[in-house]
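Residue numbers (the working numbering): 9 to 286. Beta carbons: idealized from backbone N, C-alpha and C, even for Gly.
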């Protein structure tokens with residue numbers, strides 16, 4: 009495989025942003041790629057979408073005022089914000105000039121297009137999972153807002169399904185806008201065909217597949233924040249038993265959501281599967 013090129017300041021080379029609807033398998037993806045000798049994938053930071061959205065807000069609110077009043081051209085503003093973002097990952101990237109860094113925050117998906125414009129050499133991973141299974145997993149969470157109220161998407165089936173529908177819609181639009189720079193990974197493929205799925209993913213990253221990726225169980229990893237909701241499954245061998253966990257929600261699927269399921273390859277109602285060893 010060709011070596012990744014040396015990064016140019018602020019262009020996002022060697023940076024990969026992974027995102028998708030929460031409970032779609034992003035933490036599992038991290039566990040599988042982290043053993044690779046040339047991939048660094050730490051816990052969620054939540055910073056990339058915030059910085060990308062702030063840059064977009066500056067650009068839309070100030071418009072030509074950047075150049076007229078502050079002698080700051082639009083490209084200068086982009087470069088400054090890009091360096092702010094890439095500077096967050098300077099230490100792990102500097103440790104190995106061949107390393108690729110995957111920043112895994114589920115809601116990166118909400119800013120894929122903005123991140124793509126901010127960092128024109130960055131790549132993206134869109135993680136998807138059957139929306140019925142995602143909704144079932146969301147409904148098992150106890151996520152609350154600042155006032156202590158549970159969010160609708162973790163307390164009502166219709167809101168959970170719509171949450172998945174809205175975020176996958178954003179991800180699919182990003183796939184069209186960032187064609188050639190974005191790679192879709194399905195949770196079901198990670199657990200049913202892990203070697204083939206990881207081989208395709210590492211090829212997209214310009215790297216080679218490494219067998220160590222399938223031997224993550226028991227490997228020490230630091231889980232932070234919402235990642236802890238994936239314990240203890242995340243430290244166990246790959247299993248298909250979570251496929252079909254949302255089968256009971258199939259009757260509540262609206263026509264729009266049904267069409268989205270079909271488009272992503274989830275036409276049939278989900279069914280349970282046996283355990284696999286990789």
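Inset, instruction - Give me the Cβ distance between residue 247 and residue 199, rounded to the nearest whole Å; I'm assuming they're in contact under 8 Å. - result: 7 Å
Inset, instruction - Report yes if the CB atom of residue 143 is closer than 7 Å to the CB atom of residue 257, and no otherwise. - result: yes
Legend entry - Proximity test, Cβ basis, 7 Å: residue 199 and chain C: Judged by its chain identifiers, the structure shown contains no chain C, having just a single protein chain.
Legend entry - Distance between residue 265 and residue 190 (C-alpha atoms, nearest Å): 23 Å
Inset, instruction - Specify the secondary structure class of residue 24 as computed by DSSP and reduced to three states. - result: strand
Inset, instruction - Over the uninterrupted alpha helix (DSSP H) stretch that includes residue 178, give me the two end residues. - result: 165 to 185
Legend entry - Assigned secondary structure, residue 132 (DSSP; H/G/I helix, E/B strand, else coil): strand
Inset, instruction - Indicate whether the contact test is met: 3 or more Cβ pairs, each with one atom in the stretch 141 to 157 and one in the stretch 212 to 228, closer than 8 Å. - result: no
Inset, instruction - Sort 21, 91, 28 and 41 by Cα distance to residue 220 and report the nearest one. - result: 41
Inset, instruction - Could you tell me whether the stretch 114 to 125 touches the stretch 172 to 190, using the rule of 3 or more Cβ pairs below 8 Å? - result: yes
Legend entry - Of the listed residues 20, 32 and 155, nearest to residue 136 (C-alpha basis): 32
Legend entry - Where the alpha helix (DSSP H) containing residue 265 begins and where it ends: 263 to 271
Legend entry - Residues bridged to residue 112 (per DSSP): 26
Legend entry - Through-space distance from residue 167 to residue 157, alpha-carbon basis: 15 Å
Inset, instruction - Indicate whether residue 269 and residue 124 have their beta-carbon atoms separated by less than 7 Å. - result: no
Legend entry - Cutoff 6 Å; reference residue 272; Cβ partners in own chain excluding five residues on either side: 136
Legend entry - residue 158 - DSSP class collapsed to helix/strand/coil: strand
Inset, instruction - Find out if the Cβ-Cβ distance for the pair residue 225, residue 245 is shorter than 7 Å. - result: yes
Legend entry - Assigned secondary structure, residue 47 (DSSP; H/G/I helix, E/B strand, else coil): strand
Inset, instruction - Answer with buried or exposed for residue 165, where buried requires no fewer than 16 other C-beta atoms within 10 angstroms of its C-beta. - result: buried
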